[in-house]
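K.L.:
Attaching a single structure in structure tokens format; questions to follow.
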Amino acid sequence: MAITFIIAFFPIVITTARGLAEVEPELLDLVRTVRATRWQVFRKIQLPSALPYLLSGMRVAAVLAIAGTVVGEFVGSEAGLGFVIMSAQGTLDTPVMVMALILVTLVGVALYGLVVLLEHLVVTEDARLR
Numbered sequence: 072m073a074i075t076f077i078i079a080f081f082p083i084v085i086t087t088a089r090g091l092a093e094v095e096p097e098l099l100d101l102v103r104t105v106r107a108t109r110w111q112v113f114r115k116i117q118l119p120s121a122l123p124y125l126l127s128g129m130r131v132a133a134v135l136a137i138a139g140t141v142v143g144e145f146v147g148s149e150a151g152l153g154f155v156i157m158s159a160q161g162t163l164d165t166p167v168m169v170m171a172l173i174l175v176t177l178v179g180v181a182l183y184g185l186v187v188l189l190e191h192l193v194v195t196e197d198a199r200l201r
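In the working numbering, the protein residues as written are 72 to 201.
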């Protein structure tokens, strides 16, 4: 789990930081002139502006998380698809290895699809065009 977390964490953080930095300065100045609190600025301006970036990082992290999970199971596990792949490789059981690889691919595609669906539900069409 630690490998998966480390691999998936940084794309999300980097893209979210970029999204927060890309907020229009004029808009932030306007909100500050009406004395909005930091929380209001974040909730009403910065977070909605950074959502496309956040979800973009989540799309990358979803695929990398699957790879990190399989690698973690290669190294130190006695269960899971990574363990099945390593066991099948040791016994030269090609059909089992191919099926495990297909399952890993399907899980990755499903996780990526969930993030894309979340993006379509949360982010407006105009923000996706940027």
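Glycine residues also receive a C-beta, built at the ideal position from the N, C-alpha and C atoms.
As the structure is a prediction and not an experimental result, all values here were calculated from the model.
#1: Taking ILE74 as part of the alpha helix (DSSP H), name the residues at either end of that continuous run.
#2: Using C-beta distances below 6 Å, list every residue in its chain close to THR140, excluding the 5 sequence neighbours before and after it, in chain order.
#3: Give the DSSP-derived three-state secondary structure of ASP100 in the structure shown.
#4: Alpha carbon to alpha carbon, how far is LEU125 from MET72? Give it in angstroms, no decimals.
#5: Just the C-alpha distance for GLY184 and LEU177, rounded to the nearest angstrom, thanks.
#6: Express the C-alpha separation of PRO96 and LEU172 in angstroms, rounding to a whole number.
#7: Pick out whichever of ALA92, LEU98, SER127 and ILE137 has its Cα sitting closest to the Cα of GLU190.
#8: Put ALA150 into one of helix, strand or coil per three-state DSSP.
#9: Using the beta-carbon count (16 or more within 10 Å), is ARG106 buried or exposed?
#10: Do ILE78 and LEU99 count as a contact pair if the criterion is CB distance below 8 Å?
#11: Beta carbon of LEU91, beta carbon of ALA121: below 8 Å?
#12: What did DSSP end up calling GLU144 once you bin it into helix, strand or coil?
P.N.:
On the basis of the data shown:
#1: To locate residue 74, count along the sequence shown from 1; it is residue 3. Per DSSP, ILE74 belongs to the alpha helix (DSSP H) from 73 to 92.
#2: Here residue 140 refers to the residue found at position 69 of the sequence shown. When the five nearest sequence neighbours on each side are left out, the beta carbons in the same chain lying within less than 6 Å of the beta carbon of THR140 are those of THR75, in order along the chain.
#3: Taking the first residue of the sequence shown as 1, we reach residue 100 at position 29. Judged by DSSP in its simplified three-state form, ASP100 adopts helix.
#4: The count along the sequence shown starts at 1 and reaches residue 72 at position 1. The count along the sequence shown starts at 1 and reaches residue 125 at position 54. Each residue's alpha carbon lies about 21 Å from the other.
#5: For the purposes of this step, residue 184 is identified with residue 113 of the sequence shown, where counting begins at 1. For the purposes of this step, residue 177 is identified with residue 106 of the sequence shown, where counting begins at 1. Distance between the alpha carbons of GLY184 and LEU177: 10 Å.
#6: Within the sequence shown, numbered from 1, the residue matching residue 172 stands at position 101. Within the sequence shown, numbered from 1, the residue matching residue 96 stands at position 25. Between LEU172 and PRO96, the C-alpha separation is close to 47 Å.
#7: Along the sequence shown, read from residue 1 onward, the residue named residue 190 stands at position 119. It is SER127.
#8: Here residue 150 is taken as the residue at index 79 of the sequence shown, counted from 1. Reduced to three states, the DSSP call for ALA150 is coil.
#9: Indexing the sequence shown from 1 puts residue 106 at position 35. ARG106 is exposed by the Cβ-count criterion.
#10: What you label residue 99 is simply residue 28 of the sequence shown in a count that begins at 1. What you label residue 78 is simply residue 7 of the sequence shown in a count that begins at 1. With respect to ILE78, LEU99 sits apart: the two C-beta atoms are not nearer than 8 Å.
#11: As a working mapping, residue 91 is identified with position 20 in the sequence shown. As a working mapping, residue 121 is identified with position 50 in the sequence shown. With respect to ALA121, LEU91 sits close: the two C-beta atoms are nearer than 8 Å.
#12: Translated into the one-based positions of the sequence shown, residue 144 becomes position 73. Under the three-state reduction of DSSP output, GLU144 falls in the helix class.
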